[in-house]
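Below: one structure, written as structure tokens.
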Amino acid sequence: MATPTEGTPSHFIRNIVIEDLQQNKNASRVHTRFPPEPNGYLHIGHAKSICLNFGLAGEFGGLCNLRFDDTNPSKEDVEYVESIKEDVRWLGFDWGDREYFASDYFAQLYQFAIQLIKAGKAYVCDLNADQIREYRGTLTEPGKNSPYRERSVEENLDLFERMKVGEFPDGARTLRAKIDMASPNLNMRDPVMYRILHATHHRTGDEWCVYPTYDFAHGQSDSIEGITHSICTLEFEDHRPLYDWFLEQLNIHHPQQIEFARLNLTFTALSKRKLLQLVQQGHVGGWDDPRMPTLAGFRRRGYTPEAIRTFCERIGVAKRNSTVDIAMLEHCLREDLNKRAPRVMAVLRPLKVVIDNYPEGQIEELDAVNNPEDPSMGTRKVSFSREIYIEQDDFREEPPKGFFRLSPGHEVRLRYAYIVKCTGVVKDSQTGEIKEIHCTYDPETKSGSSQSSRKVKATIHWLSAAHAVSAEVRLYDQLFIKEDPDDAPQGLDWTANLNSHSLERLTDCRVEPFLTNAKAGERYQFERLGYFCVDSVDSSPGYMVFNRAVTLRDTWAKVERSGRRR
RNA sequence: UGGGCGGUCGCCAAGCGGUAAGGCCCCGGACUUUGGAUCCGGUAUCGAAGGUUCGAAUCCUUCCCGCCCAGCCA
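First residue of the first sequence? That's 448 in the numbering used here, and the numbers climb one at a time after it.
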């Protein structure tokens, strides 16, 4: 028997699995499944479920199936099937040859239904949707039996067969389980098992005119696949008695359904309905817009699968409704990229600096460290010359208290180069806008030289004006201005909380020339700025486009912000 | 007012009768050629009230608050 992995944070579901294993339940087998409906792209909430299901199977020597819950042809599409497979694979999980579809079981499910009809446990009901609702009763009042509840087995069989071949229009009849119209659990008040839908299914085409509901399809699919632990979210807790009922009546393998709380994130919408709306109404560029909480969006943004997996492990699994701080996710990304991303210098908003005492025409090739966290990543050369660009933010004509960067009369270190002192500012005579600044450098302070140990308060990044390459950089902020997107002013809906500044395109940036060879999806740390990723859609060797995945922690920005508040 | 499930630090989350883990955020400080990283240090008595017990976040009772369910969606 597989033993628990040391150091893996435990949670109640993992504990159940461990206990089952100890008691030799299911012949010590662990078999889970990830069951997405192919009606949208996978998002970070699904990642929690994927990591849970594949993680448990992986840890205990079990298996996890990928099963598409495709019982509603009117909402589903192959585009989603393909994206889901790509995203699960990208996250780092492998379902081997166990790629299943609920629609693979339509014939079997149909036989199960007939079995229940024959046992007097299911009947064809002629009530329409409105009538079924009326007969169902309310939360506090019991329902009434359908007038069609006592049809003979023969009639039920005949009717169900005719439903299947398409003799009746959509909605004309349903097949219902005969349970208890007075049950305090509404799901047990003769739930619908099959509905008539003359729709073309993305896999079975027009073969079927009836489709099983989730309740009738899910548990039986789990059973057919030999699933041991059927993990789902909290809203299905009320369905568990029904899940169990079908399996018991059918007397087939009975997986255990276990529910956990779905993920919520601050400043993020995670319902499929909302995400679909964001895409369809053009609030974002598509399912893979880097601002989207979809796996495709995170991937394009520059997130690593490792960071997302670590995040899913750290947030834990429990039954309490909760909303995780988005800062937790960002932290996981920084932590991962800090170790792996090569550093490089980039200037997002260039400000020209002329070093007056540096020889005109002279170029020095300076050594720059690729990753101080990992010496094995080596060094590279950066060109230094008389005219350079620095970040506009790194110069203040009138520095506020605590500003350590460049200002008139003050010194800063140019990373990997020299200490320079600001000697003058050139402004546009009309607008007063700063056009360029002048400095002198101290030749004794070259990085790495014996005299280089002089201390200055700050080090800033820079790029040689003649060597730097132009690029576009896209800065992203939260898609919503409110921690809870649903917290909208009265009368307005969640779209009122959309952040109109969630995307900022900077088209006059400079980067180190070797970045021209960077490939789509590669991630770099732009020193002092954040982690950036080569955009996989719009970037090309002739026109580089970088997405900011996440900023670096910025204590100066924090100080400035709190200063402004005072 | 029916049923189901929850309520432990600002946000997640361990704990399962023996005297409150950890992570994120935040605040100090050390170090630093990224105001990055790293390293130290700081912050809860467990929804409330009773009760059982030598001892309770953990057991019992009552109460309060939150979420889910009246799709032929999943």
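Think of the CB as a built atom: it goes at the ideal place given N, C-alpha and C, for glycine as much as any other residue.
Asked: Which two residues bound the contiguous alpha helix (DSSP H) that contains K532?; Found: V525 to L538
Asked: Check for me: the alpha helix (DSSP H) holding S670 runs from which residue to which?; Found: Y661 to I671
Asked: Quick one: give me the first and last residue of the alpha helix (DSSP H) that R747 is part of.; Found: L742 to R748
Asked: Could you tell me which of I674, Q925, Q469 and N711 sits nearest to L681, measuring between CA atoms?; Found: N711
Asked: Put E706 into one of helix, strand or coil per three-state DSSP.; Found: strand
Asked: Less than 8 Å between the beta carbons of A664 and L556, yes or no?; Found: yes
Asked: What residues are listed by DSSP as bridge partners for I837?; Found: L798 and W909
Asked: Would you mind sorting F459 into buried or exposed? The rule is 16 or more other CB atoms within 10 Å of its CB.; Found: exposed
Asked: Kindly indicate which three-state DSSP category V972 falls into: helix, strand or coil?; Found: Reading the sequence as shown, one finds Gln at residue 972 and not Val. Correct three-state label for Q972: strand.
Asked: With burial defined as no fewer than 16 other Cβ atoms inside 10 Å of the residue's Cβ, what is the status of I810: buried or exposed?; Found: exposed
Asked: Under 7 Å Cβ to Cβ from V997, same chain only, skipping five residues before and after it: list those, please.; Found: E777, L780, R781, G977 and Y978
Asked: For G989 and T963, what's the separation of their Cα atoms in angstroms?; Found: 8 Å
Asked: How far does the alpha helix (DSSP H) with L813 in it reach, from first residue to last?; Found: Segment E811 to V816 is the beta strand (DSSP E) holding L813; no alpha helix (DSSP H) there.
Asked: Taking the beta carbon of K828 as the centre, do at least 16 other beta carbons fall within 10 Å, making it buried, or is it exposed?; Found: exposed
Asked: On the CB-based measure, 16 or more other CB atoms within 10 Å of its CB, does Q728 come out buried or exposed?; Found: exposed
Asked: Which residue comes first and which comes last in the beta strand (DSSP E) that contains M640?; Found: V639 to I643
Asked: I'd like to know whether the C-beta atoms of R623 and M610 end up nearer to each other than 8 Å.; Found: no
Asked: Could you compute how far the alpha carbon of G454 sits from the alpha carbon of D517?; Found: 37 Å
Asked: Using DSSP with H/G/I as helix, E/B as strand and the rest coil, what is F559?; Found: helix
Asked: Tell me where the beta strand (DSSP E) around R860 begins and ends.; Found: E858 to L861
Asked: Assuming L953 and I907 form a contact by the criterion Cβ under 8 Å, report the distance between their Cβ atoms to the nearest whole angstrom.; Found: Not a contact, Cβ separation roughly 18 Å.
Asked: Are the region 793 to 809 and the region 914 to 924 touching, with three or more C-beta to C-beta distances below 8 Å?; Found: yes
Asked: Can you tell me which residues form a DSSP beta bridge with A793?; Found: V958
Asked: What does D889 pair with, by DSSP beta-bridge criteria?; Found: I866
Asked: Just the C-alpha distance for Y552 and K786, rounded to the nearest angstrom, thanks.; Found: 46 Å
Asked: I need the straight-line Cα distance from T1002 to P936, nearest angstrom please.; Found: 32 Å
Asked: I need the DSSP call for F459, collapsed to helix, strand or coil.; Found: helix
Asked: Specify the secondary structure class of N994 as computed by DSSP and reduced to three states.; Found: strand
Asked: Exposed or buried, what is R1013 when buried is set at 16 or more other beta-carbons lying within 10 Å of its beta-carbon?; Found: Its pLDDT being 47, under 50, R1013 is placed unreliably by the model, and the measurement read from it follows with that caveat. Exposed: under 16 other Cβ atoms inside 10 Å.
Asked: Helix, strand or coil for L503, going by three-state DSSP, please let me know.; Found: helix
Asked: Can you give me the Cβ contacts of W537 inside the same chain, cut-off strictly under 8 Å, excluding the 5 residues immediately before and after it?; Found: L742, R746 and P752
Asked: With a Cβ-Cβ cutoff of 8 Å, do E684 and E706 count as a contact?; Found: yes
Asked: Mapping DSSP to helix, strand and coil, what is L722?; Found: helix
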